[in-house]
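The structure under discussion appears below in the form of structure tokens.
See below:
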């Protein structure tokens with residue numbers, strides 16, 4: 084993992100940003116900054132408020148409260164100026180299937196008002212960057228999901244924006260295409276482009292320089308992937324390989340020594356304060372339940388462990404507050 088920029092200027096600044104739809108708070112007061120050249124990620128489940136936040140930063144939605152600046156411009160008063168300084172790639176594929184690759188690039192050249200003398204050079208750059216030279220005359224509808232995403236990224240940066248917003252850019256593409264897409268993102272970042280990306284893929288979030296974990300419209304943790312795993316996960320994580328993990332999870336979650344337990348791959352991850360005592364308790368519970376135990380050991384927390392722990396902790400706190408109100 085490369086070292087994130089630490090002294091670069093701030094290009095995105097948000098303070099207590101909110102968006103309400105009737106009585107529903109889609110974004111409930113988020114604050115953060117993003118530095119030039121940084122890859123900044125929002126990780127969270129669908130409906131957490133990630134896309135709504137991006138749309139406000141891009142000038143596509145008006146905030147209900149709070150403030151923000153993108154590329155030095157106010158997101159409410161100067162939204163049209165912001166649109167000239169950013170590239171935006173939405174969740175839904177936004178290009179035209181009936182046009183060829185080249186025709187889509189030409190169309191967006193016009194949308195972005197590229198000078199005539201730059202159009203040919205920028206088109207060639209996009210085709211090269213996205214690896215689409217051999218597909219330039221192919222209808223976009225004939226491209227695979229991975230190639231479509233590359234084309235959409237190319238069109239989003241056609242006008243050389245200094246800030247790029249990518250909303251779930253690799254949703255629905257295969258893992259190899261996802262990795263190749265991220266290689267392109269790294270290339271752009273190394274050229275000084277700031278990248279703000281939303282995702283619900285755990286492995287993808289590891290590629291970000293810094294990450295905000297978003298849940299129910301709030302940022303519940305913020306930091307580098309490494310810091311999130313160390314600062315927000317002081318408890319021990321135990322990896323358990325056993326027979327019938329779904330059933331075993333029910334037996335393990337009843338143990339007072341276990342704070343949380345969740346399916347992880349073909350096994351389980353359990354979170355506990357005391358690794359030694361909890362290991363003994365889990366062994367005893369699995370023996371009593373006639374579950375074959377192949378392995379149990381303490382492991383380094385993953386972002387998925389952090390994510391599950393933070394969300395379950397937030398839900399428990401919300402449940403306790405509701406009980407108090409009753």
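Residue numbers (the working numbering): 84 to 409.
Virtual Cβ for every residue (Gly too), placed ideally from N, Cα, C.
| Check | Outcome |
| --- | --- |
| Answer yes or no: do residue 131 and residue 101 have a C-beta to C-beta separation smaller than 8 Å? | no |
| Please name the residue in 201, 205, 267 and 113 whose C-alpha comes closest to that of residue 233. | 267 |
| Would you mind stating whether residue 174 and residue 134 have Cβ atoms separated by less than 8 Å? | yes |
| Let me know the alpha helix (DSSP H) ranges lying completely inside the region 261-338, each 4 residues or longer, listed in chain order. | 285-288, 308-314 and 328-336 |
| Measuring straight from C-alpha to C-alpha, what distance separates residue 408 and residue 297? | No answer about residue 408 holds up, because its pLDDT of 46 lies below 50 and its placement is not dependable. |
| Suppose you measure from the CA of residue 315 to the CA of residue 276; what does that come to, to the nearest Å? | 29 Å |
| Cα separation between residue 235 and residue 324? | 42 Å |
| Excluding sequence positions up to five away, which residues of its chain have a Cβ less than 8 Å from the Cβ of residue 338? | 361, 364, 365 and 368 |
| Return helix, strand or coil for residue 134, following the three-state DSSP convention. | helix |
| Using a threshold of 8 Å, state whether the C-beta atoms of residue 280 and residue 122 are closer than that. | yes |
| Taking the alpha carbon of residue 196 as the point to measure from, which residue in 326, 393, 166 and 334 has its own alpha carbon closest? | 166 |
| Between the alpha carbons of residue 256 and residue 172, how many angstroms are there, rounded? | 15 Å |
| Which class does residue 389 belong to by DSSP, given the choice of helix, strand or coil? | helix |
| Report the rounded CA-to-CA distance for residue 151 versus residue 287, giving the unit in angstroms. | 26 Å |
| Verify whether the separation of the beta carbon atoms of residue 185 and residue 220 is less than 8 Å. | yes |
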